[in-house]
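Heads up: the structure comes next, in structure tokens.
Residue numbers (the working numbering): 34 to 426.
So this is what it looks like as structure tokens:
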């Protein structure tokens, strides 16, 4: 998550000087599902909340509940409270950071409800966009001191101090608020929207656990110890495509740290690194180039590139050896084809729209999706019946 946070900060800096980016790829959108406006997580590591909130907002549009701007910071706030309690109960032997997963949002939604952004935007320190570096450090320092247990036993009020710190940085959570002419609590607001957090399932594909069973996903940001359903790779991709074809968007957790995820060009590929897959001109120049220049050719997307074939085995190997890590969550809202007919997925990010070729959206190739997906969350009715039966949904 730190790497994504740094990238986000760099993207903000690029707003000062917009660069023209030549388009080597042209896309024809085949499916574009309703979504709310692109938001900006700015200088925070809270992509998980932004992605899942965007996903819920699309679910509200899909089910005819209208357009709503939900509070990402309510989920962030409640997650910190829960992380702190678990961190202390585990004597510090669990993750405490800004990071999280989509399942955190559905769990908090079920336990505490939700809020519209106008009732809780978390902007109390004078910034127009969220900045959480100091807050995260202060909160981590607080729980680190609690677990040192200097009094010989924990005080009954340590949570009060932690909550007061969150109040200072994010604001107090309102017990009641008015929204569109009606008084609500967080629970009554969530109930009125009419969605059920238990209707959402998370699916991935890994060979170190049996297929068609749930397993606890072993990544650092899974502080909540959430489980995902495990299916073969081709079946996972089938769920993704079936969902989009039937009008369901997807909350996507992935590794975006690859050189082949070109943020400037708004495209993610898994390029072949075989010389014979380069263009004729590139092959002709090969012997004239240094080793670093040769490697750079494979990741130069100023011209279209042939991609690798991603198998179940190659995907697992990348996860096992840390070449695939849990970096970032985004929101898949559609699909497209490039000029050669290759399939791509339309992905909504949460880094704003400035200085970006596709105004906050990216095109992710099918090969990249196969290789670098950690898991995705989707409505259980979007899962094909055969897969749902095998998973016991």
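In this text, a Cβ means the ideal position worked out from N, Cα and C, and glycines have one as well. Computed from a prediction, not measured in an experiment: that's the story for all the values here.
Under the three-state DSSP convention, the category residue i falls into
| i | result |
| --- | --- |
| residue 216 | strand |
| residue 183 | coil |
| residue 204 | coil |
| residue 363 | strand |
| residue 268 | helix |
| residue 305 | coil |
| residue 174 | helix |
| residue 139 | helix |
| residue 223 | helix |
| residue 404 | helix |
| residue 151 | coil |
| residue 419 | helix |
| residue 165 | coil |
| residue 281 | coil |
| residue 409 | strand |
| residue 511 | Outside the displayed range of the chain (34 to 426) lies residue 511, so it cannot be described from this structure. |
| residue 160 | coil |
| residue 334 | coil |
| residue 399 | helix |
| residue 144 | helix |
| residue 414 | helix |
Whole-Å CB distance - residue i paired with residue j, under 8 Å assumed
| i | j | result |
| --- | --- | --- |
| residue 63 | residue 368 | 5 Å |
| residue 213 | residue 288 | About 40 Å; that fails the 8 Å criterion. |
| residue 301 | residue 397 | 4 Å |
| residue 176 | residue 386 | Not confirmed; about 36 Å, so no contact. |
| residue 93 | residue 226 | 6 Å |
| residue 60 | residue 273 | So it is not a contact: roughly 18 Å between Cβ atoms. |
| residue 173 | residue 129 | 6 Å |
| residue 78 | residue 114 | The pair is not a contact, with the Cβ atoms about 17 Å apart (cut-off 8 Å). |
| residue 372 | residue 239 | Rounded, the Cβ-Cβ distance is 34 Å, inconsistent with contact. |
| residue 58 | residue 337 | 6 Å |
Own chain residues within Cβ distance below 7 Å of residue i, not counting five before or after
| i | result |
| --- | --- |
| residue 244 | 263, 264 and 265 |
| residue 119 | 127 and 256 |
| residue 332 | 292, 293 and 304 |
| residue 142 | 223 and 230 |
| residue 351 | 357 and 404 |
| residue 73 | 162, 383, 384 and 385 |
| residue 286 | 134, 135, 359, 362, 407, 408 and 409 |
| residue 9 | For residue 9 there is no data in the structure shown, the boundaries of the chain being 34 and 426. |
| residue 184 | none |
| residue 389 | 299 |
| residue 284 | 84, 85, 88, 135, 362, 364, 409 and 410 |
Residues near residue i in its chain [Cβ-Cβ closer than 8 Å; skip 5 each side]
| i | result |
| --- | --- |
| residue 104 | 86, 147, 148, 149, 150, 152, 153, 154 and 155 |
| residue 376 | 368, 369, 370, 398 and 399 |
| residue 391 | 299 |
| residue 90 | 68, 69, 100, 101, 102 and 103 |
| residue 121 | 176, 179, 180, 187 and 191 |
| residue 270 | 399, 402 and 403 |
| residue 280 | 66 and 95 |
| residue 260 | 235, 247, 248, 249 and 250 |
| residue 353 | 241 |
Residues near residue i by beta carbon distance below 6 Å, same chain, minus five either side
| i | result |
| --- | --- |
| residue 208 | none |
| residue 133 | 81, 112 and 254 |
| residue 380 | 363, 365, 395 and 397 |
| residue 125 | 180 |
| residue 252 | 359 |
| residue 345 | 266 |
| residue 164 | 76 |
| residue 204 | 157 |
Inset, instruction - Decide yes or no for the touch test of the region 217 to 235 against the region 131 to 147: beta carbon pairs closer than 8 Å, at least 3 of them. - result: yes
Legend entry - At least 3 beta-carbon pairs within less than 8 Å: the region 184 to 194 vs the region 124 to 143: no
Inset, instruction - Give, in chain order, every unbroken run of the beta strand (DSSP E) that is at least 3 residues long and sits entirely within the region 53 to 131. - result: 60 to 65
Inset, instruction - Could you say if the region 229 to 238 and the region 156 to 163 meet the contact criterion of at least three C-beta pairs nearer than 8 Å? - result: no
Legend entry - Runs of alpha helix (DSSP H) lying entirely within the region 341 to 390, each at least 4 residues, in chain order: 345 to 353
Inset, instruction - Could you name each continuous beta strand (DSSP E) segment of 3 residues or more that falls completely within the region 232 to 271, going from the start of the chain to the end? - result: 233 to 237, 247 to 249 and 260 to 263
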